[in-house]
Structure formats: C-alpha cells, structure tokens
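Trainee: In full-length UniProt numbering, the protein residues as written are 1 to 105.
Backbone N, C-alpha and C fix where the C-beta goes; we use that ideal spot for every residue, glycine too.
In structure tokens, the structure reads:
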C-alpha cells in the first residue's frame, strides 16, 4: 500500500480528487493488508466526502473487523452507511455482515 499512498499523494498534489472507486480500492487494500485502522479512516473520509464504498470493499473491512472480534464496530459501519446514504440497498450490506458473522462463529 506504500506505493499506492505515494501515487495518491502525487495525484492530490497535481489537483486530482479521490472518487468513490478510489475510496473503495483504498478501503479494500488497507483491509486486505490487515490495516483496519487506515481502512476505517478512509471509510469515514469517503462518507464525509459523500462517497459510498462498494460492497466488495465493505465485505473486506467487515471480515477484518469480525476477525478481530470488533462486532460492535461492524454494526456501527452499517448504521453510518444507512444514515448517510438512505437510498442504498441496506439488505445487501446487511447480508455481508450476516455472512461474516456466520463464518466467525
């Protein structure tokens, strides 16, 4: 992720902005690297900027949090998405939570 961070930094310095796809990619990348703190930070930043991460990236961060026993934080993620984006298909995101919960039991 270090190279990605450098590239994103260069993009921002050159006047580019981060869009929903890049936010999703960053959340997924940090999650897959096991860096749940950065994944959460980028997740919250994406919401603050009005972008919703895709379902695949959401699944990665949920899996990471469940793996660390942070069930309460996972529920808070879904609540935040639902509150920030009331038109999303919450059932799809809820299904991801349920699938990972079953795997962790």
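Below 8 Å on the Cβ atoms is my contact criterion, and I expect residue 51 with residue 23 to pass it. Report the Cβ-Cβ distance as a whole number of Å.
Mentor: Counted from its first residue, the chain shown places residue 51 at position 51. Counted from its first residue, the chain shown places residue 23 at position 23. Yes, they are in contact, since the Cβ atoms of residue 51 and residue 23 sit about 5 Å apart, within 8 Å.
Trainee: Please confirm whether residue 96 and residue 43 have their CB atoms less than 7 Å apart.
Mentor: For the purposes of this step, residue 96 is identified with residue 96 of the chain shown, where counting begins at 1. For the purposes of this step, residue 43 is identified with residue 43 of the chain shown, where counting begins at 1. No, these two residues do not count as a Cβ contact at 7 Å.
Trainee: In the structure shown, what three-state DSSP assignment does residue 16 receive?
Mentor: Here residue 16 refers to the residue found at position 16 of the chain shown. Correct three-state label for residue 16: coil.
Trainee: Assuming the contact rule is C-beta atoms closer than 8 Å, residue 34 and residue 64 should be a hit. Round their C-beta distance to whole Å, please.
Mentor: For the purposes of this step, residue 34 is identified with residue 34 of the chain shown, where counting begins at 1. For the purposes of this step, residue 64 is identified with residue 64 of the chain shown, where counting begins at 1. 7 Å between Cβ atoms; contact.
Trainee: Compare the C-alpha of residue 68 against each of 36, 5, 7 and name the closest.
Mentor: If you number the chain shown from 1, residue 68 lands on position 68. When only C-alpha atoms are compared, the closest one is 36.
Trainee: Just the Cα atoms here: how many angstroms apart are residue 13 and residue 4?
Mentor: Working through the chain shown from its first residue, we reach residue 13 at position 13. Working through the chain shown from its first residue, we reach residue 4 at position 4. Answer to the nearest angstrom: the Cα atoms are 14 Å apart.
Trainee: In the stretch 17-94, which residue ranges form an unbroken alpha helix (DSSP H) of at least 4 residues, counting only runs that do not cross its ends?
Mentor: Qualifying alpha helix (DSSP H) stretches, in chain order: 20-32, 36-48, 55-67, 71-84.
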